[in-house]
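Peer 1:
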Amino acid sequence: MPQPPYADLIRNVPDFPLPGVQFKDITTLLQDGPAFYALIDDLAQPYLAARIDVVVGVESRGFLFAAPVAYKLGAGLVLIRKPGKLPAPTVQVEYSLEYGTNTLQMHQDAIRPGARVLIVDDVLATGGTVGAAAALVRQLGGEIVALAFPIELTFLQGRASVAPYPVFSLVQY
Ligand code: AMP
Numbered sequence: 122m123p124q125p126p127y128a129d130l131i132r133n134v135p136d137f138p139l140p141g142v143q144f145k146d147i148t149t150l151l152q153d154g155p156a157f158y159a160l161i162d163d164l165a166q167p168y169l170a171a172r173i174d175v176v177v178g179v180e181s182r183g184f185l186f187a188a189p190v191a192y193k194l195g196a197g198l199v200l201i202r203k204p205g206k207l208p209a210p211t212v213q214v215e216y217s218l219e220y221g222t223n224t225l226q227m228h229q230d231a232i233r234p235g236a237r238v239l240i241v242d243d244v245l246a247t248g249g250t251v252g253a254a255a256a257l258v259r260q261l262g263g264e265i266v267a268l269a270f271p272i273e274l275t276f277l278q279g280r281a282s283v284a285p286y287p288v289f290s291l292v293q294y
């Protein structure tokens, strides 16, 4: 599949933040107006008629894409954050990383049962992060329509790890 024109604006930074990681830096895309505009249009496009109630964004780079997609869809925006950031009562999920664990929180009144949810993050890598986000949404009774990403690292097979949720991505490596 051909990559969209803005794919060339994603900067690859080798060995960041650790040796061996090819970091996909989206700041070089964000700073280009027409590219950012086109990317948000493309990310929202499959869901224009999907009756999405809320878009869930994952801290912190996910917020950069979730908010404009929510605006475009006329949907609400829900934040998933690292521990201690959200002021009201939360639900939380712990998930494992290569070394150690991570925790994510969401306000316990953020999603009403049966709400149609689109989850957005910047990069789908192993799927651990978005899998945890999906668990939070399900805990509150939300219906996950899809998981959408500007970037997917296909060789890490995150798509398989989050099955059966549908995954949509714009630029694949
Ligand atoms: P994962 O839980 O493995 O799917 O990792 C996803 C999260 O880690 C995303 O929120 C990304 O922000 C970040 N991430 C993982 N790998 C990369 C990468 N190669 N370049 C940029 N961000 C990455």
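Just so you know, our numbering puts 237 at position 116 of the sequence shown, and the rest follows in order with no gaps.
For glycine and all other residues, C-beta sits at the position ideal for the given N, C-alpha and C.
Grouping DSSP H, G and I as helix and E and B as strand, with all else coil, what is I272?
Peer 2: Looking up residue 272 in the sequence shown gives position 151. In the structure shown, I272 sits in a strand (DSSP, three-state: E or B).
Peer 1: Where are the beta strand (DSSP E) runs, 3 residues long or more, that stay fully inside the stretch 164–211, in chain order?
Peer 2: Listed in chain order, they are 175–179 and 197–201.
Peer 1: Once the 5 residues before and after T275 are set aside, which same chain residues still bring their CB inside 7 Å of it?
Peer 2: As a position in the sequence shown, residue 275 is number 154, starting the count at 1. Hits under 7 Å: Q293 and Y294.
Peer 1: I want to check one thing, is the minimum distance from the CB of F144 to the heavy atoms of the ligand AMP below 6 Å?
Peer 2: Counting from 1 along the sequence shown, the entry for residue 144 is found at position 23. Checking the Cβ of F144 against the ligand AMP gives yes.
Peer 1: Closer than 8 Å by C-beta to M122: which residues in its own chain qualify, once you throw out the five before and the five after it? Chain order, please.
Peer 2: One-based indexing of the sequence shown puts residue 122 at position 1. Here the set comprises Q293.
Peer 1: Within the same chain, show all residues whose beta-carbon is closer than 7 Å to that of L277, passing over the 5 residues directly before and after it, in chain order.
Peer 2: Here residue 277 is taken as the residue at index 156 of the sequence shown, counted from 1. Excluding residues within five positions, the ones whose Cβ falls inside 7 Å are A246 and T247.
Peer 1: Do you know offhand how far I173's Cα is from F289's?
Peer 2: Position 52 of the sequence shown, counting from 1, holds the residue named residue 173. Position 168 of the sequence shown, counting from 1, holds the residue named residue 289. For I173 and F289, the distance between alpha carbons rounds to 15 Å.
Peer 1: Excluding sequence positions up to five away, which residues of its chain have a Cβ less than 8 Å from the Cβ of S282?
Peer 2: One-based indexing of the sequence shown puts residue 282 at position 161. Closer than 8 Å at the Cβ level, and outside the excluded window around S282, lie T247, G248, G249 and G252.
Peer 1: Rounded to a whole number of angstroms, what is the C-alpha to C-alpha distance between P135 and D146?
Peer 2: Your numbering for residue 135 matches position 14 in the sequence shown. Your numbering for residue 146 matches position 25 in the sequence shown. The straight-line gap from Cα to Cα measures roughly 10 Å.
Peer 1: Relative to the ligand AMP, is the shortest distance from any of its heavy atoms to the C-beta of V175 smaller than 6 Å?
Peer 2: Numbered from 1 along the sequence shown, position 54 holds the residue referred to as residue 175. Because no heavy atom of the ligand AMP lies under 6 Å away, the Cβ of V175 does not count as near it: no.
Peer 1: Pick from D153, G154 and N133: whose alpha carbon is nearest that of F144?
Peer 2: Start at 1 with the first residue of the sequence shown, and residue 144 comes out as number 23. The option with the nearest alpha carbon to F144 is N133.
Peer 1: With R237 as the anchor, note down where its beta strand (DSSP E) starts and where it stops.
Peer 2: By 1-based counting over the sequence shown, the position of residue 237 is 116. R237 to V241 is the span of the beta strand (DSSP E), which, as asked, contains R237.
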